[in-house]
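Its first residue numbered 1, the sequence shown is counted upward by one per residue in the numbering used here.
Quick reminder that beta carbons are idealized off the backbone N, C-alpha and C, glycines included.
Worksheet: one structure, shown below.
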Amino acid sequence: MSDELDDGRMSLIEHLIELRKRLIYSLSGLMVCWAFCYYFSADIYDFLVRPLADQLAGQPGRHLIYTALTEAFVTRVKVAFWAACFLAFPIIATQIWMFVAPGLYKTERGAFLPYLVATPILFFMGAALVYYLIFPTAWHFFLSFESAGSPGSLPIEADPKVSEYLSLVLTLIFAFGAAFQMPVALTLMARVGLVSSKFLAEKRRYAVFINFVIAALLTPPDAISMCGLAVPLLLLYEISIWSCRLVERGKAKRAEAAAADLAKL
């Protein structure tokens with residue numbers, strides 16, 4: 001193993017040069033994806049606004065508005081950027097891997113690679129949950145406060161701004177995607193010894209409370225949306241405990257093998 005590390009050892013200047021190269025590749029990939037996504041920004045906008053459009057279907061005259069001349073353009077640029085972050089993640093993750101991998105043992109490379117694969121999968125699972133489940137439920141709830149008015153009063157009608165709507169949508173998508181990284185984060189912490197499966201199992205009751213608090217903070221203020229995030233988070237917490245146990249078993253087997261090798265000497 002020492003020979004393997006010696007072959008991959010680099011000086012500080014070489015590390016900085018390699019880091020600069022990986023950053024340039026990552027930023028170049030992000031900019032290309034940004035230009036590509038801006039070209040299709042109208043289609044991306046249509047996709048993001050579809051949950052609201054479905055709730056308002058059959059109601060002629062409903063629309064989003066913008067009150068500043070630059071608002072629609074700036075919003076389209078932002079939407080293109082966040083979509084580019086999705087699209088460019090494999091490129092950025094590959095560059096991170098190419099920078100980190102030379103400093104790892106072969107066994108560590110094999111252990112680290114699944115986390116890079118699991119991260120985007122879990123993120124897209126969180127994004128799909130909020131888009132297909134939370135948005136329709138939340139928008140239906142908020143639109144239920146519209147009223148036709150009565151004699152002596154004025155009607156209440158939703159007329160959202162395009163920038164505020166898309167900011168809310170993108171914030172929730174990234175919040176749900178980040179929340180779904182729980183198994184990756186806890187498993188990595190277990191691998192370096194910061195937590196254990198026993199500790200996580202013993203603190204399950206606190207995890208239930210914390211997950212519901214997180215769900216209440218990230219979702220619109222209705223019970224269905226909150227439970228729509230809290231329940232998957234609880235399932236992910238259980239998956240994290242199982243994943244940590246697998247990591248601990250692997251560490252125990254490696255320790256036993258190392259002890260057996262030392263006994264032979």
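Check, Outcome
"Mark Met1 as exposed unless 16 or more other C-beta atoms lie within 10 angstroms of its C-beta, in which case mark it buried.", "Because the pLDDT of Met1 is 46, which lies under 50, any placement of that residue in the model is unreliable, and the question is left without a value."
"Please state whether the Cβ-Cβ distance between Thr94 and Gln181 is less than 8 Å.", "no"
"Given Lys253, which residues of its chain have a CB within under 8 Å of its CB, disregarding the five upstream and five downstream residues?", "none"
"Within this structure, are the beta carbons of Ala215 and Leu233 separated by less than 8 Å?", "yes"
"Of the choices Leu236, Gly29, Thr187 and Arg249, whose alpha-carbon is the least far from that of Pro114?", "Thr187"
"I need the DSSP call for Ser167, collapsed to helix, strand or coil.", "helix"
"Please say whether Glu71 and Ser163 have beta carbons closer to each other than 8 Å?", "yes"
"Using 8 Å for Cβ pairs, my map puts Val266 next to Phe86. What's the rounded Cβ distance?", "In the structure as shown, the chain begins at 1 and stops at 265. Residue 266 is therefore absent and cannot be evaluated."
"Helix or strand or just coil, what does DSSP make of Lys161?", "strand"
"Across which residues does DSSP place Ile156 in a beta bridge pair?", "Ser147"
"Do we get a CB-CB distance below 8 Å when we pair Leu133 with the residues of chain B?", "Judged by its chain identifiers, the structure shown contains no chain B, having just a single protein chain."
"Quick one, which of Ala179, Leu235 and Glu248 has its alpha-carbon nearest Arg204's?", "Leu235"
"What first and last residue would you give for the alpha helix (DSSP H) that runs through Ile96?", "Glu71 to Val100"
"For Trp65, list the residues DSSP reports as bridge partners.", "The sequence as given places Ile at residue 65; Trp does not occur at that position. Looking at the DSSP assignment, Ile65 forms a beta bridge with Lys161."
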